[in-house]
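Enquirer: Dropping the structure in here first, questions after.
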Amino acid sequence: MVCLGGVMYRKTARSLFFCGLAFFTACSTTPNTEPNAAKKNTSKGQVRDSGPPTPVDMRAVPEVVPVREPIGPAGNKSPYRIHGVRYHVLDKVKGYRQRGEASWYGSKFHGRKTANGERYNMYAMSAAHKTLPLPSYARVTNLDNGRSAIVRINDRGPFVTGRIIDLSYTAAQKLGYIDQGVANVEVTALDPESLPLAGDIGAAATSEALPEDASFKLADNTFLQIGAYSSPEQAERVREQLSASFDYPVFVSLINPGEKPLYRVRIGPIEQHQALLTLRQSVQAQQLGQPQVVVE
């Protein structure tokens with residue numbers, strides 16, 4: 004990671020990860036000797052990335068609910084320079100549409116900071132983009148199979164010629180190119196002015212249609228993560244609110260111990276996908292946070 008005027012970019016591990024990238028050899032359905040392994044040759048040897056140790060079927064994970072979020076300075080320094088190339092963050096995204104190749108990234112960066120300071124979660128519907136503001140939302144369509152999904156963009160990259168977006172493990176799985184590693188896609192930004200404010204997402208969340216078959220069993224240790232907080236008191240307040248509203252276990256755990264500890268709040272474990280959908284919608288409807296699915 005490298006900080007450019009307060010903007011976090013992956014210039015070491017992440018840049019090497021993309022340099023000279025040919026393709027991923029990840030597999031989301033059948034465990035291999037190195038399940039979901041992605042091997043790349045770089046100028047400093049081989050760098051590996053993968054999905055979870057045991058492949059997890061995340062295709063039924065609900066899409067994110069796009070909302071209008073404030074655009075702060077984190078991750079939005081413009082222009083910025085990577086590998087001698089200057090990039091300008093877009094002031095407006097309305098009408099933005101681009102075609103090119105999409106790649107994906109997984110466990111190698113899971114839990115690391117994204118360009119806007121959040122923690123990368125390979126189980127979330129997120130993405131990295133070079134010039135769209137952080138955060139923003141876009142619909143990504145796989146032109147090879149017609150599948151599409153909405154992702155929340157909170158990171159920068161991929162800094163490889165021809166690559167226009169880098170999806171999370173879950174998003175790439177939903178678009179059907181985990182095995183191939185790359186896909187021809189079209190990225191269409193969602194106009195923030197057409198989206199509800201972040202505080203008004205309750206109605207939108209409760210009106211989402213549920214999949215016809217949402218009763219399948221989830222992977223072991225599936226949780227709904229509500230957020231990660233720098234203050235233990237704030238995390239405890241959130242835990243108390245959730246515990247008062249739901250029957251599931253709610254707990255606070257310390258991550259990143261040291262100078263800047265974080266206290267994450269999670270609900271679970273959750274066994275059935277139907278229960279996960281209902282719980283996620285209820286949390287959003289009560290404006291208790293913007294939960295993300297995690298599997299550990």
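Start counting the sequence shown at 4; every next residue gets the next number (our numbering). Where is the CB? At the ideal position from N, CA and C, for every residue including glycine.
Can you tell me where the alpha helix (DSSP H) with residue 256 in it begins and where it stops?
Expert: Counting along the chain, residue 256 falls outside any alpha helix (DSSP H), though it belongs to the beta strand (DSSP E) covering 253 to 258.
Enquirer: Does DSSP classify residue 101 as helix, strand or coil?
Expert: Of the three classes helix, strand and coil, the one that applies to residue 101 here is strand, per DSSP.
Enquirer: DSSP state of residue 111, grouped into three classes?
Expert: Coil at residue 111, not helix or strand.
Enquirer: For the region 90 to 97 against the region 221 to 230, are there 3 or more C-beta pairs whose distance is under 8 angstroms?
Expert: Judged by Cβ distances under 8 angstroms, the region 90 to 97 makes no contact with the region 221 to 230, as fewer than three pairs qualify.
Enquirer: Can you tell me where the beta strand (DSSP E) holding residue 228 begins and where it ends?
Expert: Residue 228 -> beta strand (DSSP E) spans 225 to 232.
Enquirer: Report the rounded CA-to-CA distance for residue 48 versus residue 167, giving the unit in angstroms.
Expert: Confidence at residue 48 is low in this model, with a pLDDT of 30, below 50, so its placement is unreliable and no value can be given for it.
Enquirer: Pick helix, strand or coil for residue 172, following the three-state DSSP scheme.
Expert: Helix at residue 172.
Enquirer: What is the DSSP secondary structure of residue 117, counted as helix, strand or coil?
Expert: Three-state DSSP puts residue 117 in coil, outside helix and strand.
Enquirer: Check whether the Cβ atoms of residue 171 and residue 125 sit closer than 9 angstroms, and answer yes or no.
Expert: Yes, the Cβ-Cβ distance between residue 171 and residue 125 is below 9 angstroms.
Enquirer: To the nearest angstrom, how far is the alpha carbon of residue 144 from that of residue 104?
Expert: Approximately 11 angstroms between the Cα atoms of the pair.
Enquirer: How long is the line joining the alpha carbons of residue 54 and residue 118, rounded to whole angstroms?
Expert: Rounded to the nearest angstrom, the two C-alpha atoms are 21 angstroms apart.
Enquirer: In the DSSP assignment, what are the bridge partners of residue 270?
Expert: For residue 270, which the question treats as bridged, DSSP gives the partners 227, 253.
Enquirer: Using the Cα positions of residue 285 and residue 70, report the straight-line distance between them to the nearest angstrom.
Expert: One C-alpha to the other measures close to 17 angstroms.
Enquirer: For residue 304, which three-state DSSP category applies?
Expert: Shown here, the chain extends from 4 to 299; a query on residue 304 therefore has no answer.
Enquirer: Going straight from the alpha carbon of residue 205 to that of residue 283, what length do you get?
Expert: For residue 205, the pLDDT reaches just 41, beneath the cut-off of 50, and the residue's location in the model is therefore unreliable, although a value from the coordinates is still provided. So the alpha carbons of these two residues sit roughly 11 angstroms apart.
Enquirer: Under a three-way DSSP split, which group does residue 66 fall into?
Expert: Here residue 66 sits in coil by DSSP.
Enquirer: Look up residue 189 in the DSSP assignment and give the residues it is bridged to.
Expert: Its beta-bridge partners are 102, 144.
Enquirer: Could you tell me whether the Cβ of residue 71 comes closer than 9 angstroms to any Cβ of chain D?
Expert: In the structure shown, chain D does not exist; there is a single protein chain.
Enquirer: Note down, in chain order, each residue of its chain lying with its Cβ closer than 6 angstroms to the Cβ of residue 100, except the 5 sequence neighbours on either side.
Expert: Closer than 6 angstroms at Cβ, skipping near neighbours: 191.
Enquirer: Would you kindly report the start and end of the unbroken beta strand (DSSP E) that includes residue 84?
Expert: Residue 84 -> beta strand (DSSP E) spans 83 to 85.
Enquirer: Which term fits residue 257, buried or exposed, when burial requires 16 or more other beta carbons within 10 angstroms of its beta carbon?
Expert: Exposed.
Enquirer: Using 8 angstroms as the Cβ pair cut-off and three pairs as the minimum, do the region 183 to 200 and the region 134 to 149 touch?
Expert: In short, these stretches touch, since the Cβ pair count reaches three.
Enquirer: Between the region 154 to 162 and the region 265 to 277, do at least 3 Cβ pairs fall closer than 8 angstroms?
Expert: Taking 8 angstroms as the limit for Cβ pairs, the verdict is that the region 265 to 277 does not touch the region 154 to 162.
Enquirer: Around the Cβ of residue 250, are there at least 16 other Cβ atoms within 10 angstroms (buried) or fewer (exposed)?
Expert: Result: exposed.
Enquirer: Going straight from the alpha carbon of residue 164 to that of residue 247, what length do you get?
Expert: Their backbone Cα atoms lie some 50 angstroms apart in a straight line.
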